[in-house]
Amino acid sequence: MRAFAAKASKRMNWVIERIVAVLMLLLVLDVWLGVVDRYLFHWQLPWPEVLARYLMIWAALLAISAGIARREHIGLSILIDRLPQAFRRLLLVLVDVMTFALFAFLCWYGIDFTVGGSNRQAMIFGMTLAMPFAAIPVSSAIAAIQVLLVALRDQGEVMTDSNDSLSSGAGAVL
Numbered sequence: 289m290r291a292f293a294a295k296a297s298k299r300m301n302w303v304i305e306r307i308v309a310v311l312m313l314l315l316v317l318d319v320w321l322g323v324v325d326r327y328l329f330h331w332q333l334p335w336p337e338v339l340a341r342y343l344m345i346w347a348a349l350l351a352i353s354a355g356i357a358r359r360e361h362i363g364l365s366i367l368i369d370r371l372p373q374a375f376r377r378l379l380l381v382l383v384d385v386m387t388f389a390l391f392a393f394l395c396w397y398g399i400d401f402t403v404g405g406s407n408r409q410a411m412i413f414g415m416t417l418a419m420p421f422a423a424i425p426v427s428s429a430i431a432a433i434q435v436l437l438v439a440l441r442d443q444g445e446v447m448t449d450s451n452d453s454l455s456s457g458a459g460a461v462l
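When the count follows this note's numbering, it moves up by one through the sequence shown with no breaks and lands on 462 for the last residue.
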């Protein structure tokens, strides 16, 4: 189960990182177009700013799962490094459970938020706000799945930089 979780987490993270990279590329191109429009051509395009906002929200929220896959949380690392070994494992499992609950909660209520967005219009694009609002439940669901996979992969162990779970598929206790 541990090897399956490590492999699934790694694959899921690989896909999400590429999606985030494409969204960031589109964001840069969109902002660049807005700047060129404003200062060079004076086309007065109304949509680059709004599109940039939606792209940034999607990219930022999807990127959360990449941080989860690598267990990159500096504040938590500082705390864990100072604890005795027995408490480290317990704290990591507890944090995983609470984090999963948070993302499951956000996903559940984000669905209602998205459904509510289907009744509102983005005036510039002439579309409903369901697609931009869907970033919340979609990214929360992905993050919850990633937390579950990482919890199964690590089983409460703290990863070292030289033997992290993304490269080796198994964890090492500090």
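Idealized CB from N, CA, C, for every residue including glycine.
Element boundaries [alpha helix (DSSP H), containing residue i]
| i | result |
| --- | --- |
| Ile433 | 423 to 442 |
| Trp396 | 373 to 405 |
| Pro336 | 336 to 358 |
| Ile307 | 290 to 324 |
Residues near residue i in its chain [Cβ-Cβ closer than 7 Å; skip 5 each side]
| i | result |
| --- | --- |
| Ile304 | Leu350, Ser353, Ala354, Ile430 |
| Met289 | Leu440 |
| Leu321 | Pro336 |
| Cys395 | Pro425, Ser428, Ala429, Ala432 |
Best match in the options for proximity to residue i [C-alpha to C-alpha]
| i | options | result |
| --- | --- | --- |
| Ala293 | Ala357, Asp325, Phe401 | Ala357 |
| Tyr397 | Ile424, His330, Phe375, Leu317 | Ile424 |
| Phe388 | Leu440, Arg408, Ser365 | Leu440 |
| Phe391 | Ser427, Ile412, Leu417, Ile307 | Ser427 |
| Ala418 | Met411, Gln434, Phe401 | Phe401 |
| Ala422 | Val385, Met386, Ile345 | Ile345 |
| Asp318 | Met411, Arg306, Leu343, Val308 | Leu343 |
Straight-line gap, residue i to residue j (C-alpha atoms, nearest Å)
| i | j | result |
| --- | --- | --- |
| Gln314 | Ala291 | Note that residue 314 corresponds to Leu in the displayed sequence, not to Gln. One C-alpha to the other measures close to 35 Å. |
| Val403 | Tyr327 | 38 Å |
| Leu371 | Ala296 | 30 Å |
| Trp302 | Val323 | 32 Å |
| Glu399 | Gly405 | One point to set straight first is that residue 399 is Ile, not Glu, in the sequence displayed. Cα to Cα, the separation comes out at about 10 Å. |
| Leu379 | Ala340 | 38 Å |
| Val338 | Ile412 | 8 Å |
| Phe375 | Val381 | 10 Å |
| Val308 | Ala347 | 5 Å |
| His361 | Val310 | 24 Å |
| Ser365 | Asp442 | 15 Å |
| Val385 | Arg359 | 14 Å |
Neighbourhood of residue i by C-beta, 8 Å cutoff - its chain only, sequence neighbours within 5 removed
| i | result |
| --- | --- |
| Asp325 | Trp331, Gln332, Leu333, Pro336 |
| Met300 | Ser353, Ala357, Ile430, Ile433, Gln434, Leu437 |
| Gln409 | Met415, Thr416, Leu417 |
Other residues of its chain near residue i: CB distance less than 6 Å, five sequence neighbours each side excluded
| i | result |
| --- | --- |
| Val383 | none |
| Phe393 | none |
| Pro420 | Tyr342 |
Interface flag, residue i vs chain D, CB-CB below 8 Å
| i | result |
| --- | --- |
| Trp331 | The structure shown contains no chain D; it holds only a single protein chain. |
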